[in-house]
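**Q** I'd like to ask some things about the structure below.
Protein chains: 2
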Amino acid sequence: MTNPALNIVPFVSVDNMMTLVLRVGVERFLVELAGYIEEDFKRWPVFDKTPRVASHSREGVIELMPTSDGQLYGFKYVNGHPSNTRDGRQTVTAFGVLADVGNGYPMLLTEMTILTALRTAATSAVAAKYLAPKNADTMAIIGNGAQSEFQALAFKAVLGVDKLRLFDIDASASRKAASNLAGKGFDITICHSAQEAVEGAQIITTVTADKQYATILTDNMVGNGVHINAVGGDCPGKTELHRDILLRSDIFVEYPPQTRIEGEIQQLDPDHPVIELWQVMTGETQGRRDPRQITLFDSVGFAIEDFSALRYVRDRLQSTGLYEKLDLLADPDEPRDLFGMLLRHAAKQAEVA
Amino acid sequence: MTNPALNIVPFVSVDNMMTLVLRVGVERFLVELAGYIEEDFKRWPVFDKTPRVASHSREGVIELMPTSDGQLYGFKYVNGHPSNTRDGRQTVTAFGVLADVGNGYPMLLTEMTILTALRTAATSAVAAKYLAPKNADTMAIIGNGAQSEFQALAFKAVLGVDKLRLFDIDASASRKAASNLAGKGFDITICHSAQEAVEGAQIITTVTADKQYATILTDNMVGNGVHINAVGGDCPGKTELHRDILLRSDIFVEYPPQTRIEGEIQQLDPDHPVIELWQVMTGETQGRRDPRQITLFDSVGFAIEDFSALRYVRDRLQSTGLYEKLDLLADPDEPRDLFGMLLRHAAKQAEVA
Numbered sequence: 001m002t003n004p005a006l007n008i009v010p011f012v013s014v015d016n017m018m019t020l021v022l023r024v025g026v027e028r029f030l031v032e033l034a035g036y037i038e039e040d041f042k043r044w045p046v047f048d049k050t051p052r053v054a055s056h057s058r059e060g061v062i063e064l065m066p067t068s069d070g071q072l073y074g075f076k077y078v079n080g081h082p083s084n085t086r087d088g089r090q091t092v093t094a095f096g097v098l099a100d101v102g103n104g105y106p107m108l109l110t111e112m113t114i115l116t117a118l119r120t121a122a123t124s125a126v127a128a129k130y131l132a133p134k135n136a137d138t139m140a141i142i143g144n145g146a147q148s149e150f151q152a153l154a155f156k157a158v159l160g161v162d163k164l165r166l167f168d169i170d171a172s173a174s175r176k177a178a179s180n181l182a183g184k185g186f187d188i189t190i191c192h193s194a195q196e197a198v199e200g201a202q203i204i205t206t207v208t209a210d211k212q213y214a215t216i217l218t219d220n221m222v223g224n225g226v227h228i229n230a231v232g233g234d235c236p237g238k239t240e241l242h243r244d245i246l247l248r249s250d251i252f253v254e255y256p257p258q259t260r261i262e263g264e265i266q267q268l269d270p271d272h273p274v275i276e277l278w279q280v281m282t283g284e285t286q287g288r289r290d291p292r293q294i295t296l297f298d299s300v301g302f303a304i305e306d307f308s309a310l311r312y313v314r315d316r317l318q319s320t321g322l323y324e325k326l327d328l329l330a331d332p333d334e335p336r337d338l339f340g341m342l343l344r345h346a347a348k349q350a351e352v353a
Numbered sequence: 354m355t356n357p358a359l360n361i362v363p364f365v366s367v368d369n370m371m372t373l374v375l376r377v378g379v380e381r382f383l384v385e386l387a388g389y390i391e392e393d394f395k396r397w398p399v400f401d402k403t404p405r406v407a408s409h410s411r412e413g414v415i416e417l418m419p420t421s422d423g424q425l426y427g428f429k430y431v432n433g434h435p436s437n438t439r440d441g442r443q444t445v446t447a448f449g450v451l452a453d454v455g456n457g458y459p460m461l462l463t464e465m466t467i468l469t470a471l472r473t474a475a476t477s478a479v480a481a482k483y484l485a486p487k488n489a490d491t492m493a494i495i496g497n498g499a500q501s502e503f504q505a506l507a508f509k510a511v512l513g514v515d516k517l518r519l520f521d522i523d524a525s526a527s528r529k530a531a532s533n534l535a536g537k538g539f540d541i542t543i544c545h546s547a548q549e550a551v552e553g554a555q556i557i558t559t560v561t562a563d564k565q566y567a568t569i570l571t572d573n574m575v576g577n578g579v580h581i582n583a584v585g586g587d588c589p590g591k592t593e594l595h596r597d598i599l600l601r602s603d604i605f606v607e608y609p610p611q612t613r614i615e616g617e618i619q620q621l622d623p624d625h626p627v628i629e630l631w632q633v634m635t636g637e638t639q640g641r642r643d644p645r646q647i648t649l650f651d652s653v654g655f656a657i658e659d660f661s662a663l664r665y666v667r668d669r670l671q672s673t674g675l676y677e678k679l680d681l682l683a684d685p686d687e688p689r690d691l692f693g694m695l696l697r698h699a700a701k702q703a704e705v706a
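Top to bottom, those sequences are chains A and B. Here the first sequence is numbered in our numbering, starting from 1 and rising by one per residue. Here the second sequence is numbered in our numbering, starting from 354 and rising by one per residue.
This is the structure:
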């Protein structure tokens, strides 16, 4: 064999992912990941794009999210099961694979539950870089669950936002977030209503796990000039904002065919104008053009962001060594002799025995 | 934690798959797997079905093949890169995942390169059980590459076919197959042409890797009453049989929307009648009804067969213990506290250091 490791695929476990994030540093990880995401958004047209491949059930959804830039192929497996927390499971878990388009061989298998939280936050921060008011330093975070701290750190690392106004209908969630973020350079205020949280915030992040059409923000709560980062509520029948807010906003989206189905804009006519975020990044379209404008990033999460995250992790493998070697691919000495490999395995076992 | 192993997904490596196959015994494995496949074909209507999700490139294709029966969800990742053998890689490699629809958690990650070879052979044998002439004992195998031995063993184990007539344009491939199958109870004849191979065979298996439209079998080579098991050539622009053979045959397929694109029947009108194999198994339609009839199984490989294979392997895990425990899923003590898990990981590392 010319290459003794053709059977091996590097695997990043949850444990190694946590060590990787801590070794790089959460904020630096978010900044660097944001750079990869921005790079991929700027070459958006080269990607194969398709809405997620979803398998719905009464309990939730399992999705595959593939994409390719012609050189690399990536996909993520992700589930969404709102009632999972009842028995101690995550609502969302994920893993992903990066592969070489030239030979089809997987190059990386990695946990993506933590990585998805990071890439979602990094994407929000990249979008805000182009859309939020200049010198914004205060963000309201409505919904203080698993994603909230990552959002806070991404906005601090990428944009310098260091004043947080937290609200959750479950006050213990806000206390958890505040405690997790203590000592990280934030000025944190826990608020008793969404109304109170948005006071003085130039950026409003909604990141709740509500399953039905909900109205986390009503129209009167949103003043001119703010940037809304609508992260939570990303499936059909699941929204967070009152329709009137959408009508007053310039709406920026990742991939319109998917956002029309899953995003806040499912409340609007199917031809309501939206702006593709990647076009803002390439300069083809303007982002924020007016200090009184309300900008809305209707985030649903798209495969290209996962692709960027897979690329980022792949690029950190060699220098950190934070992976295991997974014997995932059959590698017979002679490609046409798969059965012979089985026979030789039997002979080897007989020797050992 | 109520369940200390919520983060763990059992992983069957190539090494463990080979040991599993050998421990069960190849032929018993094929018979039992055929049973699972038959079981799933008989409840075909309950499955979510979709053609594969393919990403094509100049060099090949990467595909995702998902399906679900409402209780379990399975998908396979598989590539097809004909020129891979040039640098010692497999043309086709695969891995797959079985998951619980109720909570979306993966229950099994397994190599599927070997498993795909086994499930393809088992599916061919199940089809032949319904379609081949009674008491067939002789099979021609045209194309003696990686899949050929598995086909031979499946037909022997499921149907008692023990006379093989092998032909490959590369004589060394036939010698390899004959040598691998020596001592396994076959009467083997290596033939010098396809014409010679089909003489006296009641079953003709074509399993070549030709990439273009090829004519492995011409019309005059196929006598009345035979069963053709057309396995190779399963993508657009890739066929093995002369069109005239198709016109004389009753054609049985897995999932018509996929076979119309990938199978031998891409040579025919899009409304040419075909019979769905599952309906033969449930008795809704007749399989072989006449000893002079030519039956053709236009095999392309469908996601439900992979699903059956994943179920089969899952059911063998506990009794054999032939798996590793993969730390694939983030499992914070408190589901909403993903970031806190990261902080506790840091604290744990600080303790160790």
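All C-beta atoms in this analysis are idealised placements derived from N, C-alpha and C, irrespective of residue type, glycine included.
Beta-carbon within less than 7 Å of A5 (chain A)'s beta-carbon, same chain only, minus the 5 sequence neighbours each way: which residues are those?
**A** Closer than 7 Å at the Cβ level, and outside the excluded window around A5 (chain A), lies no residue.
**Q** Please name the residue or residues paired with S358 (chain A) in a DSSP beta bridge.
**A** Residue 358 (chain A) lies beyond the range of chain A shown here (1 to 353); nothing can be said about it.
**Q** Tell me which residues of the region 88-103 of chain A have at least one Cβ-Cβ distance to chain B shorter than 7 Å, keeping chain order.
**A** The region 88-103 of chain A vs chain B, Cβ under 7 Å: G88, R89, Q90, T91, T93, F95, V97, A99, V101, G102, N103.
**Q** Looking at C-alpha atoms only, which residue of B:P404, B:P398, B:H434 is the closest neighbour of D422 (chain B)?
**A** The shortest C-alpha separation from D422 (chain B) is found at B:P398.
**Q** For the alpha helix (DSSP H) holding A370 (chain B), just list the boundary residues, first then last.
**A** The sequence shown places Met at residue 370 (chain B), rather than the Ala named in the question. Here the alpha helix (DSSP H) through M370 (chain B) covers 367-377.
**Q** List the residues of chain B whose Cβ lies closer than 8 Å to the Cβ of Q349 (chain A), in chain order.
**A** Under the 8 Å cutoff, chain B gives T372, L375.
**Q** Let me know the secondary structure DSSP gives N356 (chain B) once reduced to three states.
**A** Note on N356 (chain B): pLDDT 48, under 50, position unreliable in the model; the coordinate value appears next. Coil.
**Q** Between which residues of its own chain and A177 (chain A) is the CB-CB distance below 7 Å, once the five residues before and five after are set aside?
**A** Same-chain partners within the cutoff: N144, S148, E149, L166.
**Q** What do you reckon, are the CB atoms on F307 (chain A) and F47 (chain A) nearer than 9 Å?
**A** Their beta carbons are under 9 Å apart, which means F307 (chain A) touches F47 (chain A) by this criterion.
**Q** Is V92 (chain A) buried or exposed, if buried means 16 or more other CB atoms sit within 10 Å of its CB?
**A** V92 (chain A) is buried by the Cβ-count criterion.
**Q** What are the residues of the region 146-174 of chain A that lie near chain B, defined by any Cβ-Cβ distance shorter than 7 Å?
**A** Cβ contacts with chain B come from A146, E149, F150, A173.
**Q** Looking at E593 (chain B): is its Cβ nearer than 9 Å to the Cβ of T476 (chain B)?
**A** No, these two residues do not count as a Cβ contact at 9 Å.
**Q** Here's the rule I'm using: 16 or more other beta-carbon atoms within 10 Å means buried, otherwise exposed. How should A485 (chain B) be labelled?
**A** A485 (chain B) comes out buried.
**Q** Taking all protein chains shown into account, decide if T218 (chain A) is buried (16 or more other Cβ within 10 angstroms of its Cβ) or exposed.
**A** T218 (chain A) comes out exposed.
**Q** Taking any Cβ of chain A, which residues in the region 564-579 of chain B have a Cβ under 7 Å from it, in chain order?
**A** Under the 7 Å Cβ criterion, the region 564-579 of chain B contributes no residue.
**Q** Locate the beta strand (DSSP E) running through N252 (chain A), then write down its first and last residues.
**A** Here the sequence assigns Phe to residue 252 (chain A), which means Asn is not the residue at that position. Note, F252 (chain A): beta strand (DSSP E), 249-253.
**Q** Please determine, among A:P66, A:Y36, A:Q258, A:G80, the residue with the shortest C-alpha to C-alpha distance to S57 (chain A).
**A** For the residues A:P66, A:Y36, A:Q258, A:G80, the minimum Cα distance to S57 (chain A) belongs to A:G80.
**Q** How would you label H227 (chain A), buried or exposed, when you count the other beta carbons within 10 angstroms and need 16 or more for buried?
**A** Classification of H227 (chain A): buried, given that the 10 Å Cβ count is 16 or more.
**Q** Please tell me whether E412 (chain B) has its Cβ less than 9 Å away from any Cβ of chain A.
**A** Yes, E412 (chain B) lies at the interface with chain A (some Cβ there is under 9 Å from its Cβ).
**Q** Can you give the beta carbon distance from G715 (chain B) to P644 (chain B), rounded, assuming they're within the 8 Å contact cut?
**A** Since the first and last residues shown for chain B are 354 and 706, residue 715 (chain B) lies out of range.
**Q** Please report the straight-line C-alpha distance between K395 (chain B) and E629 (chain B), rounded to a whole angstrom.
**A** If I take the Cα positions, the gap works out to 11 Å.
**Q** What's the gap between the Cα of V374 (chain B) and the Cα of E549 (chain B)?
**A** Spanning the two alpha carbons is a distance of roughly 33 Å.
**Q** Determine the extent of the beta strand (DSSP E) in which S148 (chain A) is found, giving its start and end residues.
**A** Premise fails: S148 (chain A) lies in the alpha helix (DSSP H), 148-159, not in any beta strand (DSSP E).
**Q** So which of B:G457, B:F382, B:V377 has the shortest CA-CA distance to E63 (chain A)?
**A** Of B:G457, B:F382, B:V377, the residue nearest in Cα terms is B:G457.
**Q** Taking buried to mean at least 16 other C-beta atoms within 10 Å of its own C-beta, is H595 (chain B) buried or exposed?
**A** Classification for H595 (chain B): buried.
**Q** Mark T2 (chain A) as exposed unless 16 or more other C-beta atoms lie within 10 angstroms of its C-beta, in which case mark it buried.
**A** With a pLDDT of 40 at T2 (chain A), under the threshold of 50, the predicted position of this residue should be treated as unreliable, and no value is reported.
**Q** Return the bridge partner residues of V406 (chain B) from the DSSP annotation.
**A** DSSP output for V406 (chain B) lists B:L417 as bridge partner(s).
**Q** Taking just the CA atoms, how far does A330 (chain A) sit from F382 (chain B)?
**A** Rounded to the nearest angstrom, the two C-alpha atoms are 18 Å apart.
**Q** Taking only beta-carbon atoms, is R336 (chain A) less than 9 Å away from chain B?
**A** At least one chain B Cβ lies under 9 Å of R336 (chain A).
**Q** Measuring alpha carbon to alpha carbon, tell me which residue in A:M18, A:R86, A:E39 is nearest P688 (chain B).
**A** The shortest C-alpha separation from P688 (chain B) is found at A:R86.
**Q** By DSSP's criteria, C191 (chain A) is part of a beta bridge. Which residues make up the other side?
**A** Paired residue(s): none; C191 (chain A) is not in a bridge.
**Q** Spell out the partners DSSP gives H625 (chain B) in its beta bridges.
**A** Partner(s): none; H625 (chain B) has no beta bridge.
**Q** Can you pull the chain B residues whose beta carbon is under 8 Å from the beta carbon of L343 (chain A), in chain order?
**A** Here the neighbours are N533.
**Q** Scan the region 245-268 of chain A for residues whose Cβ lies nearer than 7 Å to a Cβ of chain D and list them as they occur along the chain.
**A** No chain D appears in the structure shown, which is made up of the protein chains A and B.
**Q** Figure out for me which residue from B:D368, B:P610, B:E391 has the closest Cα to the Cα of G636 (chain B).
**A** When only C-alpha atoms are compared, the closest one is B:E391.
**Q** Can the beta-carbon of D298 (chain A) be found less than 9 Å from the beta-carbon of F252 (chain A)?
**A** Result yes, Cβ atoms of D298 (chain A) and F252 (chain A) sit closer than 9 Å.
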